[in-house]
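Peer 1:
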Amino acid sequence: MSAKSKIIIKTVKKRSRGDGGHGGSWKVAYADFVTAMMAFFLLLWLITMAAPEKRARVATYFKHFSLFEKSGISFMEKNAAILKETGGEISVPNDPYGPGGKKKVTREQLGDKLRRDTEERLAGVKNHVMVEVFEGGVRIQLVDMAGGQIFDRGSSAPTPVARQIFKVIAESIQEVPNKIFIEGHTDASSYASNRFTNWELSTERASAARKELEANGLDPDRLARVSGYAATEPLIREDPNDPRNRRISIILRFDAPPR
Numbered sequence: 031m032s033a034k035s036k037i038i039i040k041t042v043k044k045r046s047r048g049d050g051g052h053g054g055s056w057k058v059a060y061a062d063f064v065t066a067m068m069a070f071f072l073l074l075w076l077i078t079m080a081a082p083e084k085r086a087r088v089a090t091y092f093k094h095f096s097l098f099e100k101s102g103i104s105f106m107e108k109n110a111a112i113l114k115e116t117g118g119e120i121s122v123p124n125d126p127y128g129p130g131g132k133k134k135v136t137r138e139q140l141g142d143k144l145r146r147d148t149e150e151r152l153a154g155v156k157n158h159v160m161v162e163v164f165e166g167g168v169r170i171q172l173v174d175m176a177g178g179q180i181f182d183r184g185s186s187a188p189t190p191v192a193r194q195i196f197k198v199i200a201e202s203i204q205e206v207p208n209k210i211f212i213e214g215h216t217d218a219s220s221y222a223s224n225r226f227t228n229w230e231l232s233t234e235r236a237s238a239a240r241k242e243l244e245a246n247g248l249d250p251d252r253l254a255r256v257s258g259y260a261a262t263e264p265l266i267r268e269d270p271n272d273p274r275n276r277r278i279s280i281i282l283r284f285d286a287p288p289r
């Protein structure tokens, strides 16, 4: 061997099959992710299962939580303070109120309330109002009477009597969540012009009733239908021209459809 020759030593490092690419670090990250997701869904489940009172306490506690001032203090120890802060009231699901804090009442209870309000607040015009409890809900009817009208003849403009009645009805039904149907009805009187018939008149009157109720605080989202029936469904069937056939029907639907 000459003095100038070099000895080269080659070292081969063997890699295990499982260490290819980024090695096994991704498994640790994936396991952390799955654990975090499990903890998250467990938290959601615990929140839905917890009593409303406890949820209120947790929410109030963390609203003003400070790690440096309140560490090691349980929110369960401050029930009185929390109830005082919330005004002593905690909303509970499945209470006797519907969406938006509206009361759930029976058909009979609502019918009785409407009759009382009519007697007490509409004493002078109570003959114009009829309240009927039927299988599908409660029907309030505003009817014309001899010498008194809800709408001027051939017009969709409510009279002062009608405005007074609509105001009381709107206030009486604001606290219940039921869907509302408004129907316009006319008598069998016909018009000389075919361009304006009882169909148009009954529909316009139903829409005018809707506007009056909304102007007095009725939530538009509760309206399910506003329609006109002309003279096809008379209240006094034996006399199609009876003034009581000219009416507005306001139906509050319960379990079954109104018709």
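Counting in the working numbering, the sequence shown runs from 31 upward without gaps. For glycine and all other residues, C-beta sits at the position ideal for the given N, C-alpha and C.
To which residues does DSSP link S257 through a beta bridge?
Peer 2: Answer is E213, bridged to S257.
Peer 1: Going by DSSP, what residue range makes up the beta strand (DSSP E) through L282?
Peer 2: That run of the beta strand (DSSP E) goes 277 to 283.
Peer 1: CB D217 to CB N275, shorter than 7 Å?
Peer 2: Their beta carbons are under 7 Å apart, which means D217 touches N275 by this criterion.
Peer 1: Where do the ends of the beta strand (DSSP E) carrying E165 lie?
Peer 2: Taken as a continuous stretch (DSSP letters only), E165 belongs to no beta strand (DSSP E), as it is neither H nor E.
Peer 1: Just mark S279 as buried or exposed, buried being the case when its beta carbon has 16 or more other beta carbons within 10 Å.
Peer 2: With 16 or more Cβ atoms within 10 Å of its Cβ, S279 is classed as buried.
Peer 1: Please report the straight-line C-alpha distance between V159 and V173, rounded to a whole angstrom.
Peer 2: Between V159 and V173, the C-alpha separation is close to 6 Å.
Peer 1: If you drop the 5 nearest sequence neighbours on each side, which residues of the same chain put their C-beta closer than 6 Å to that of W56?
Peer 2: So the list is empty, once near-sequence residues are dropped.
Peer 1: Here's the rule I'm using: 16 or more other beta-carbon atoms within 10 Å means buried, otherwise exposed. How should G177 be labelled?
Peer 2: When all chains shown are included, G177 counts as exposed.
Peer 1: Quick one: grab the DSSP three-state call for D269.
Peer 2: The answer is coil: DSSP assigns D269 none of H, G, I, E or B.
Peer 1: Could you pull the start and end residues of the alpha helix (DSSP H) that Q179 belongs to?
Peer 2: Counting along the chain, Q179 falls outside any alpha helix (DSSP H), and DSSP gives it neither H nor E.
Peer 1: If you compare alpha carbons, which of V163, K134, G167, S202 is closest to E149?
Peer 2: Taking only the C-alpha atoms, the option nearest E149 is S202.
Peer 1: Quick one: what's got a C-beta closer than 6 Å to E244's C-beta in the same chain, skipping five residues either side?
Peer 2: Correct list, in chain order: P250.
Peer 1: Leaving out the 5 sequence neighbours to the left and right, which residues in its chain are closer than 6 Å to F284 when beta-carbon positions are compared?
Peer 2: Correct list, in chain order: R137, G167.
Peer 1: Going by DSSP, what residues sit across from V173 in a beta bridge?
Peer 2: In DSSP, V173 forms a bridge with R277.
Peer 1: Helix or strand or just coil, what does DSSP make of P207?
Peer 2: Here P207 sits in coil by DSSP.
Peer 1: Consult DSSP for T116 and reduce its assignment to one of helix, strand or coil.
Peer 2: Residue placement at T116 cannot be trusted, given a pLDDT of 43 that sits under 50; the coordinates are not used to answer.
Peer 1: DSSP three-state label for P264, please.
Peer 2: In the structure shown, P264 sits in coil (DSSP, three-state: anything other than H, G, I, E or B).
Peer 1: Could you tell me the alpha carbon to alpha carbon distance between F196 and A236, rounded to whole angstroms?
Peer 2: One C-alpha to the other measures close to 12 Å.
Peer 1: Since I believe V161 is in contact with R145 (beta carbons under 8 Å), could you give me their beta-carbon distance rounded to a whole number of angstroms?
Peer 2: Confirmed, Cβ separation roughly 5 Å.
Peer 1: Could you pull out every residue in the same chain whose Cβ sits closer than 8 Å to the Cβ of S186, ignoring the five residues on either side in sequence?
Peer 2: Result list for S186: L231, E234, R235, S237, A238, in chain order.
Peer 1: Would you verify that the beta carbon of E201 is, or is not, closer than 7 Å to some beta carbon of chain B?
Peer 2: Checking the listed chains, one finds no chain B in this structure; it contains a single protein chain.
Peer 1: Considering Cα atoms alone, identify which of E213, I37, N246, A254 is closest to P264.
Peer 2: Measuring from the Cα of P264, the nearest candidate turns out to be E213.
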